[in-house]
Structure formats: C-alpha cells, structure tokens
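Peer 1:
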Amino acid sequence: MIRMTEEWRLIEFDGLPGSESQTVYHTVGLAMERYDDIENTIIICWPEDPAVCVGYHQIIEEEVDTEYCKKNNIPIVRRPLGGGAVYLDSGQLFYQVIGRLDSKKLPQNVAKLYEKVLQAPIETYRAIGINAEYAPVNDIQADGKKISGNGAAEVGGGRILTGNLIFDFNFDEMVKILKVPNEKFRDKIASSLRERLGTIKGFLENPPDKQAVKKILIENFEKMLDVKFRIDNKFLPKEQEINDELLKQYRSDEWLNTPIQRRTEL
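The sequence shown begins at 14 in the numbering used here and counts up one residue at a time.
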C-alpha cells in the first residue's frame, strides 16, 4: 500500500515591508477561520526595511522610544503574539508555520509544538556549521547565545508558530528604539545584548547567503513535518483582502494604543 504524503502550501514572499511581514501569518490564521479551503501553510519572508515590533500585551509608550522612531521614520507595529519589543530588518529571515487547528502535524501542547517545529531551524543552523541547540521553551541557542526567538499562539482558525534566523543584527539601533530611564542604562543594554545574542555573521567567517540558507530551511521543514510542499507564492484573492484590512488595522491608532481589553474586540 502506497502512503500518501500530506501536502502543505509554501509561500516564499521573501522581502516585504516591515509591517506586512507580521500581517501575512495573521491573514492566514483569520482566513482559516472564515474559509474551509485554506491549506496548512508555511511562509518564508523578511522585512525589506526596519520596523519596531511590539508584543500584543505591551504598552508602546512604556517600551519604545516613539520620538526616536518618528524622527528616523521607523514604523511601529503590534503583532498578534506575545513577547517583548524587537527590532526587525533585512538581517533576519522569518519562518511562519500556520496549521489548521485540527492539523495532526502540529501538537496542541505549546511546549511540544516548540520542541517539534524548532527542529527545522536547528538542523538548518547545524547544516551551515553553527552548533545550535533547543533552549526551552521557545529559543534556539549556540555557545550560550540566543540565535533565534520564537512565538506561538492560536490566531483565528490557525495554530501559528513564528521565528527567525538571524544573519546580522543592528545592536546599536535596537538599543536606540527602546525606552530607557537614562543613557547609562542604554549602554548596559547594548553590552548585554552583544553578550546574549548571536548571529550567523558573528559565528561564521564566510556565511552563506540568505537564499542558500532558505533552501536548506525549507527542506528541513518538509522533513520535520513529513509533508510535501506545494509552492504558491501569492495569496488567494480572499486572503489578500484580509491582508489589506489587517495592514490598515495594524497602522491604526486604535490597534496600536487602545487597552488590551478593547483591542481584543477589533
């Protein structure tokens, strides 16, 4: 008897505007809730331009130097997942795994979800010569440094896990976008970040390019999930409509600044 391999959709958006790099997985989750024909999906993308991304529960004024961001034309976007404020730019590659809530490929238990899905980026790091290890519950480390941050949640009709491979990181800019009590504290944060955060460029003398690493990552996701990818590098029209709606919402003052109790109703 021939075993049929489950098929998932692969969307390689590659470079996207900073805000849109966060709306695309949200779009698929909402589309899964509204429509029965939305497939289990993996999205690969990265921000074309810098952005500040805050967690769903954070108060922007307490976490981000909004004046600095405004002066330097760095947009602030709020993601539908938890966690802290982070600086996003083209030095990172995002993987976004969106499975329907009834998918057998993604564990319902969040710890088991991380442990399973993160094997793909871990094996990708190892394939290029970085000794990556799983650091429970949602990080990947190498030589004591964090080399990937990840988040997970149920959004709409999807179980979502997002994370990044860090090729390079602008430590100075990350420190500048944060709200701090004084400049000495900013220096301490910069020093701590450099000690705790690792990059592909920092570990390897001759790092491979992003496209080569992306290819390895995609192969590892196929193996980890035991699926076959069907490449379809664009949204369905009904998904694009949702994404356009979300882009407006993400940029709205209501989404960015209203209290969480009211924001959950948006």
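Where a beta carbon is used, it is the ideal one built from N, C-alpha and C, also for glycine.
1) Sorted by chain position, which residues of the same chain lie with C-beta nearer than 7 Å to Pro-120's C-beta, five sequence neighbours on each side aside?
2) So, using beta-carbon positions, are Val-41 and Lys-192 closer together than 8 Å?
3) Quick check on Ser-265: does DSSP put it in helix, strand or coil?
4) How would you call Gln-253, buried or exposed, if buried means at least 16 neighbouring beta carbons within 10 angstroms?
5) Does the beta-carbon of Thr-54 have 16 or more other beta-carbons within 10 angstroms, so that it is buried, or is it exposed?
6) Considering Cα atoms alone, identify which of Asn-256, Glu-19, Ile-229, Phe-248 is closest to Lys-117.
7) Report the rounded CA-to-CA distance for Arg-275 versus Lys-214, giving the unit in angstroms.
8) Between the C-alpha atoms of Ala-165 and Lys-251, what's the straight-line distance to the nearest angstrom?
9) Taking C-beta to C-beta, are Leu-230 and Thr-36 nearer than 8 Å?
10) For the beta strand (DSSP E) containing Gln-154, name the first residue and the last one.
11) If you draw a straight line from the C-alpha of Glu-210 to the C-alpha of Asn-246, how long is it?
12) Whether or not the region 198–209 and the region 54–65 are in contact is what I'm after, with contact meaning three or more pairs of Cβ atoms, one per stretch, closer than 8 Å; do they touch?
13) Please go through the same chain and pick out, in chain order, the residues whose beta-carbon is closer than 8 Å to the beta-carbon of Ile-135, but skip the five residues on each side of it.
14) Thr-137 by DSSP, collapsed to three states: which one?
15) Helix, strand or coil for Val-7, going by three-state DSSP, please let me know.
16) Would you check if the region 84–104 and the region 159–178 touch, i.e. whether three or more CB-CB distances between them fall below 8 Å?
17) Tell me which same chain residues have a C-beta within less than 6 Å of the C-beta of Val-99, skipping the five on either side of it?
18) Excluding five sequence neighbours on each side, which residues of the same chain lie with their C-beta closer than 6 Å to the C-beta of Lys-189?
19) Report the start-end ranges of each alpha helix (DSSP H) in the region 33–88 that is 4 residues or longer and not cut off at the edges.
20) Going by beta carbon distance, what residues of the same chain come within less than 8 Å of Phe-242, once the five residues before and after it are set aside?
21) Quick check on the burial criterion: 16 or more other C-beta atoms within 10 angstroms. Buried or exposed for Asn-183?
22) Let's see if you can read the secondary structure: which residues bound the alpha helix (DSSP H) around Gly-214?
23) What do you get for Ser-204, buried or exposed, if any count of 16 or more other CB atoms within 10 angstroms of its CB means buried?
24) Do you know how far the Cα of Glu-74 is from the Cα of Ile-111?
25) Quick check: the Cα distance between Gly-28 and Phe-180, rounded to an integer number of angstroms?
26) Rounded to the nearest angstrom, what separates Pro-60 and Asp-115 at their Cα positions?
27) Considering only the beta carbon of each residue, do Gly-170 and Met-45 sit closer than 8 Å?
28) Apart from the five residues just before and just after Ser-32, which ones in its own chain have a Cβ nearer than 8 Å to its Cβ?
Peer 2: Inspection of the coordinates gives the following:
1) Leu-126, Lys-129
2) no
3) coil
4) exposed
5) buried
6) Glu-19
7) Low per-residue confidence applies at Arg-275: pLDDT is 47, beneath 50, and the placement is therefore not dependable enough to give any value.
8) 24 Å
9) no
10) Counted as a single uninterrupted DSSP element, the beta strand (DSSP E) harbouring Gln-154 occupies residues 152–155.
11) Checking the sequence, you will find Leu at residue 210 rather than Glu. Their Cα atoms are separated by approximately 32 Å.
12) no
13) Ala-145, Glu-146, Tyr-147, Ile-153
14) helix
15) A question about residue 7 goes unanswered here, because the residues of the chain that appear run from 14 up to 279.
16) yes
17) Cys-66
18) Tyr-81
19) 33–47, 73–76, 79–84
20) Glu-20, Trp-21, Arg-22, Leu-23, Ile-55, Ile-231, Phe-234, Glu-235
21) exposed
22) Reading off the sequence, residue 214 comes out as Lys, not Gly. It spans 213–216 - the alpha helix (DSSP H) in which Lys-214 sits, taken as one unbroken run.
23) exposed
24) Take the alpha-carbon of Ile-111 and the one of Glu-74: they are about 31 Å apart.
25) 14 Å
26) 30 Å
27) Yes, the pair counts as a contact, with Cβ atoms nearer than the cut-off.
28) Ala-64, Pro-88, Val-90, Leu-260, Tyr-263, Arg-264
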